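Student: So the protein lines, in turn, are chains A and B. Sequence positions in the first sequence follow the working numbering and run 198 to 395. Sequence positions in the second sequence follow the working numbering and run 198 to 395. The C-beta atom is built at its ideal place from N, Cα and C for all residues, glycine as well. As the structure is a computational prediction, the values presented were derived from the model and not from experiment.
Number of protein chains: 2
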Amino acid sequence: MQSAPSIQTLLDEFSRLPGIGPKSAQRIVYWLLNSDRATSERLAEAIMNVKDSVHFCKTCFNYAEGDCCQICESPDRDRGVICVVSEPRDIPPIERTHEFSGLYHVLGGALSPLEGIGPDDLHIGELMARLSSSEVHEVILATNPNVEGETTASYLARLIRPLGITVTRLASGLPVGGDLEFADEVTLGRAIETRRTL
Amino acid sequence: MQSAPSIQTLLDEFSRLPGIGPKSAQRIVYWLLNSDRATSERLAEAIMNVKDSVHFCKTCFNYAEGDCCQICESPDRDRGVICVVSEPRDIPPIERTHEFSGLYHVLGGALSPLEGIGPDDLHIGELMARLSSSEVHEVILATNPNVEGETTASYLARLIRPLGITVTRLASGLPVGGDLEFADEVTLGRAIETRRTL
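(1) Under 8 angstroms by Cβ, that's how I've got Ser283(A) and Ala307(A) pegged, so tell me the actual separation to the nearest angstrom.
(2) Please report the residue range of the beta strand (DSSP E) in which Leu338(B) lies.
(3) Buried or exposed, going by whether 16 or more other CB atoms sit within 10 Å of the CB of Thr206(B)?
(4) So Arg276(A) contacts chain B; which residues on that side make the cut at Cβ distance below 9 angstroms?
(5) Would you list, in chain order, the members of the region 310-321 of chain B that have their beta-carbon closer than 7 angstroms to a beta-carbon of chain A?
(6) List the DSSP bridge partners of Cys266(A).
(7) Figure out for me which residue from Leu377(A), Lys255(A), Ile288(A), Asn231(A) has the closest Cα to the Cα of Glu248(B).
(8) Between which two residues does the alpha helix (DSSP H) carrying Val383(B) extend?
(9) In chain B, which residues lie with their C-beta within 8 angstroms of the C-beta of Ser250(A)?
(10) Which first and last residues belong to the beta strand (DSSP E) in which Ile279(A) is found?
(11) So, for Thr391(A): in the same chain, excluding its five sequence neighbours on each side, which residues have a beta-carbon less than 6 angstroms away from its beta-carbon?
(12) Cβ of Ala368(B) within 8 angstroms of Cβ of Ile291(B)?
(13) Is there at least one Cβ from chain A nearer than 8 angstroms to Ile225(B)'s Cβ?
(14) Please name the residue, chosen from Met245(B), Pro272(B), Ile279(B), Asn246(B), that lies closest to Phe258(B) on a Cα-to-Cα basis.
(15) Taking only beta-carbon atoms, is Tyr301(A) less than 8 angstroms away from chain B?
(16) Checking contacts by CB at 8 angstroms: is Thr294(A) closer than that to chain B?
(17) For chain A, find out if any of its Cβ atoms is closer than 8 angstroms to the Cβ of Met198(B); answer yes or no.
(18) Fully enclosed by the region 224-254 of chain A, which alpha helix (DSSP H) runs are 4 residues long or longer?
(19) Mapping DSSP to helix, strand and coil, what is Ile314(B)?
(20) Span of the beta strand (DSSP E) holding Arg366(B)?
(21) To the nearest angstrom, report how far apart His302(B) and Ile362(B) are at their CA atoms.
(22) Kindly indicate if chain B contains any beta-carbon less than 8 angstroms away from that of Gly370(A).
(23) For the region 224-239 of chain A and the region 218-233 of chain B, state whether three or more C-beta atom pairs, one from each stretch, are separated by less than 8 angstroms.
(24) In terms of residue numbering, what span does the alpha helix (DSSP H) encompassing Leu207(B) cover?
(25) Ala326(B) by DSSP, collapsed to three states: which one?
(26) Let me make sure I understand the geometry here. Which of Pro289(B), Leu377(B), His295(B) has the alpha-carbon closest to that of Pro219(A)?
(27) Pull up the CB-CB distance for Leu319(A) and Gly305(A), whole angstroms please, since I reckon it's below 8 angstroms.
(28) Can you give me the C-alpha to C-alpha distance between Lys255(A) and Arg286(A), rounded to a whole angstrom?
(29) Could you tell me the boundaries of the beta strand (DSSP E) in which Leu300(A) lies?
(30) Assign Gly346(A) to buried or exposed, taking buried as 16 or more other Cβ atoms, counted over all protein chains shown, within 10 Å of its Cβ.
(31) Over what stretch of residues does the alpha helix (DSSP H) that includes Leu353(A) continue unbroken?
(32) In terms of alpha-carbon separation, which member of Arg387(A), Gly216(A), His252(A), Pro202(A) lies closest to Ala143(B)?
(33) Which residues does DSSP list as the beta-bridge partners of Ala261(A)?
(34) For Thr250(A), which option in Arg213(A), Ala241(A), Gly263(A) has the closest C-alpha, if you only look at C-alpha atoms?
(35) From what residue to what residue does the alpha helix (DSSP H) around Thr294(B) run?
(36) Considering only C-alpha positions, which residue in the set Ile337(B), Thr348(B), Arg293(B), Thr294(B) is nearest to Leu311(B)?
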């Protein structure tokens with residue numbers, strides 16, 4: 198295939214992005230070629246703006262533009278509950294549920310002895326400092342429901358419980374709207390194990 | 198959802214691209230936030246480079262960086278066959294087949310009375326000029342197998358045949374590796390109608 202060099206370079210750069218294969222990259226590049234210059238300018242500028250202006254919130258380690266992220270700064274959030282997540286990308290899905298109005302704490306990963314990630318590599322010290330100096334009465338452990346996430350949750354639960362703070366974990370079970378027939382055994386087993394009285 | 202403004206802007210810009218929904222945009226934006234500055238710079242630069250350096254080939258109206266595109270300029274291409282396509286984006290899939298080594302001509306669309314696109318809106322005059330002044334012995338009509346593409350192909354065939362040039366059309370039929378069971382009736386009907394003697 199003979200594309201002009203600058204087209205090939207852009208195809209390569211887009212193909213590098215997660216979830217974008219060569220065909221999607223091609224579709225995007227031809228779309229950009231077809232649209233006006235301002236569209237490309239806005240995209241290129243937005244990419245560099247994010248790199249220039251975004252860093253970590255000094256309280257919760259979410260992405261922020263100022264010293265603190267918008268959630269930590271908001272007067273409407275319940276300062277009594279902290280939801281602990283592995284990565285900043287875990288916050289938007291929780292926000293979209295509108296079920297949580299407390300603060301967050303981003304660990305920056307999960308414990309993984311295999312990859313050599315120990316407690317000192319995560320923002321656990323900062324979490325403990327926040328808990329000891331504030332009016333937090335509940336910590337929700339929202340690390341992923343996989344081996345690393347569960348390990349991290351158990352570790353944190355052991356650390357936090359002695360402070361007299363309620364420690365909770367997101368429920369595992371059947372997806373809402375899902376089919377029993379298609380549930381995997383581990384999820385179904387967990388749903389039976391943690392069944393609720395009605 | 199409360200994202201930092203520059204993150205929200207970038208999410209919006211990525212969501213505008215074809216085939217990228219809000220979730221893919223989010224995945225890409227968090228990936229860019231996680232990677233180094235050089236990655237974002239390369240992407241932003243590649244986007245603007247394409248806009249700055251790419252225009253239309255003056256012979257075939259494919260995208261080009263110089264006066265002519267790499268295909269028109271290549272000494273290895275067969276100048277006796279021209280493949281007519283609607284858009285520049287139709288060229289890469291044909292190139293990937295390695296079945297065609299001739300030149301292209303991009304119409305810049307297809308005839309569509311409904312959308313008010315007539316012969317004068319397409320590069321048909323330029324095609325006829327190329328045909329009358331060169332050694333072309335075959336024109337392959339590779340417009341899309343839909344109403345507009347078929348209309349355009351019939352129109353062009355009527356124009357070109359009087360020049361004594363062979364006019365061919367891409368075959369329609371069952372996709373290779375496909376299942377008869379799942380073929381739509383129109384495609385299967387076309388495959389029966391244009392069956393070959395073995």
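Tutor: Taking the coordinates as given:
(1) 5 angstroms
(2) 335-338
(3) buried
(4) None at all; the shortest Cβ gap to chain B is about 16 angstroms.
(5) none
(6) Bridge partners of Cys266(A): none, in fact.
(7) Looking at the sequence provided, one finds Lys at residue 248(B) rather than Glu. When only C-alpha atoms are compared, the closest one is Asn231(A).
(8) 382-390
(9) Ala201, Ser203
(10) 275-282
(11) none
(12) no
(13) yes
(14) Ile279(B)
(15) no
(16) no
(17) Caution applies to Met198(B), whose pLDDT of 49 falls short of 50 and renders its modelled position unreliable; the value that the coordinates give is listed next. Met198(B) counts as touching chain A.
(18) 234-250
(19) strand
(20) 363-366
(21) 15 angstroms
(22) no
(23) no
(24) 202-213
(25) helix
(26) Pro289(B)
(27) 6 angstroms
(28) 17 angstroms
(29) 299-303
(30) buried
(31) 344-357
(32) Since the first and last residues shown for chain B are 198 and 395, residue 143(B) lies out of range.
(33) His252(A)
(34) What sits at residue 250(A) in the sequence shown is Ser, not Thr. Taking only the C-alpha atoms, the option nearest Ser250(A) is Gly263(A).
(35) 288-294
(36) Thr348(B)
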